[in-house]
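Notes follow once the structure below has been shown.
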Amino acid sequence: MWQLAFSLPGPSPAALRRSSSSLSRECHLRPRRRAHRTVVHFDVPPGSNDPPPYWWDADPPEDPDDGMNQSLSIIHIFRKFQRSHPRATKAVVSGLLMSASDVTSQFIAARRADRQCEINFRRLFAVAVFGTVFLGPILHTWYGILDRMYPGSPSVRNVTAKVLSDQLGIAFLVNAGFMMVTGLLEGYEWQAVRSNLQQKYWGSMRLNWKVWPIGQLINFAVIPQEFQIVWVNTVGFAFTVALSLLVHEGVEN
Numbered sequence: 146m147w148q149l150a151f152s153l154p155g156p157s158p159a160a161l162r163r164s165s166s167s168l169s170r171e172c173h174l175r176p177r178r179r180a181h182r183t184v185v186h187f188d189v190p191p192g193s194n195d196p197p198p199y200w201w202d203a204d205p206p207e208d209p210d211d212g213m214n215q216s217l218s219i220i221h222i223f224r225k226f227q228r229s230h231p232r233a234t235k236a237v238v239s240g241l242l243m244s245a246s247d248v249t250s251q252f253i254a255a256r257r258a259d260r261q262c263e264i265n266f267r268r269l270f271a272v273a274v275f276g277t278v279f280l281g282p283i284l285h286t287w288y289g290i291l292d293r294m295y296p297g298s299p300s301v302r303n304v305t306a307k308v309l310s311d312q313l314g315i316a317f318l319v320n321a322g323f324m325m326v327t328g329l330l331e332g333y334e335w336q337a338v339r340s341n342l343q344q345k346y347w348g349s350m351r352l353n354w355k356v357w358p359i360g361q362l363i364n365f366a367v368i369p370q371e372f373q374i375v376w377v378n379t380v381g382f383a384f385t386v387a388l389s390l391l392v393h394e395g396v397e398n
């Protein structure tokens with residue numbers, strides 16, 4: 146089976162009834178594609194001079210060999226939403242991965258205390274809100290700023306400048322924000338949140354500098370821009386588990 150893809154937008158049904166010689170002058174043959182265009186499918190018996198049968202298909206079916214696996218793949222779906230709704234996609238990814246890291250943290254804390262784990266859903270909600278409402282959108286904006294400050298290919302100079310800017314800038318705000326936002330959403334008074342921040346903030350920064358310089362070096366040097374938030378949250382899964390254990394140590398009974 147062949148197909149003809151019209152270069153002119155929206156041909157009328159009458160135009161589709163032209164002779165095959167006229168069609169050959171105004172159209173061009175090309176492989177089946179998923180682009181939205183008017184397509185005429187035809188089957189012509191060998192040696193026949195009759196005009197081919199046709200039907201109008203505004204959105205041609207996808208080639209199963211080309212599109213089936215791709216359309217069902219997680220990467221394909223992510224890239225589709227990433228391009229159409231980048232900020233929202235990154236916010237959802239951040240919220241989901243931070244939620245998973247907090248559940249893991251709660252299981253580890255229960256195992257260390259030799260007790261049955263009962264998920265603190267208010268704490269889980271607080272972490273999910275921080276990841277979705279704050280961290281995802283903030284990092285989306287922050288990485289855009291870094292790309293504008295240090296444009297071009299990921300050279301040694303650009304990558305080094307981005308890592309230093311990240312670790313000496315946004316890292317301080319993210320860690321402090323995590324401790325304050327989650328503490329308040331969990332229902333603690335501001336005095337208790339501030340006291341916990343004063344006691345554990347620099348411990349959280351030392352933990353940060355053990356993980357993120359290498360993580361961000363890989364991120365800015367190797368990872369494509371559209372997947373940087375995914376990489377950050379993947380590395381951040383382990384970091385958030387440790388950070389959540391640190392922040393909630395001695396706070397929860």
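This note's numbering numbers the first residue of the sequence shown as 146 and each following residue consecutively.
Built from N, CA and C at the ideal position, the CB exists for glycine as well.
Cβ-Cβ distances below 7 Å link Val377 to Leu284 and Asn364 in the same chain, with the five nearest sequence neighbours on each side left out; the list follows chain order.
Look at the beta carbons and you see the segment 324-338 not touching the segment 359-375: under three pairs across the two are nearer than 8 Å.
The alpha-carbon of Thr234 is positioned some 29 Å away from that of Tyr346. DSSP places Phe266 inside the alpha helix (DSSP H), whose first and last residues are Phe266 to Val274. Rounded to whole angstroms, the separation of the alpha carbons of Glu371 and Ile264 is 33 Å. Distance from the CA atom of Gly276 to the CA atom of Ser229, rounded to whole angstroms, is 20 Å. Of the other Cβ atoms in all chains shown, fewer than 16 fall within 10 Å of the Cβ of His221; this residue is therefore exposed. Taking C-beta separations shorter than 6 Å and ignoring five residues to either side along the sequence, the partners of Ala271 in its chain run Thr327, Leu330 and Glu331, following chain order.
About 5 Å separates the beta carbons of Phe382 and Leu242, which is inside the 8 Å limit, making them a contact pair. At a Cβ-Cβ threshold of 9 Å, Met350 and Ala306 do not count as neighbours. Your pair Asp247 and Arg268 checks out as a contact, with CB atoms roughly 7 Å apart and the cut at 8 Å. The continuous alpha helix (DSSP H) containing Tyr346 extends over residues Trp335 to Val367. Membership of Gly240 in the alpha helix (DSSP H) is indicated by the continuous run Pro231 to Arg257. The alpha-carbon of Val301 is positioned some 11 Å away from that of Val308. At a Cβ-Cβ threshold of 9 Å, Leu342 and Ala321 count as neighbours. Gly314 sits away from Ala273, with the two beta carbons spaced by 9 Å or more. Where Gln312 is concerned, there is no enclosing alpha helix (DSSP H), because DSSP gives it neither an H nor an E.
By the 16-neighbour rule on beta-carbons within 10 angstroms, Val392 is buried. Where Val377 is concerned, the enclosing alpha helix (DSSP H) starts and stops at Gln373 to His393.
In the three-state reduction of the DSSP assignment, Pro299 falls in the coil class.
Cα atoms of Leu280 and Glu394: separation of roughly 22 Å, rounded to the nearest angstrom. Boundaries of the alpha helix (DSSP H) harbouring Val326: Ala316 to Leu330, taken from the DSSP string. Comparing C-alpha distances from Pro358 to each of Val380, Trp287, Ser244 and Val278 shows the shortest one belongs to Val380. In the DSSP annotation of this structure, Leu280 is not part of any alpha helix (DSSP H), being labelled neither H nor E.
Only exposed fits Ala258, as fewer than 16 other CB atoms lie within 10 angstroms of its CB.
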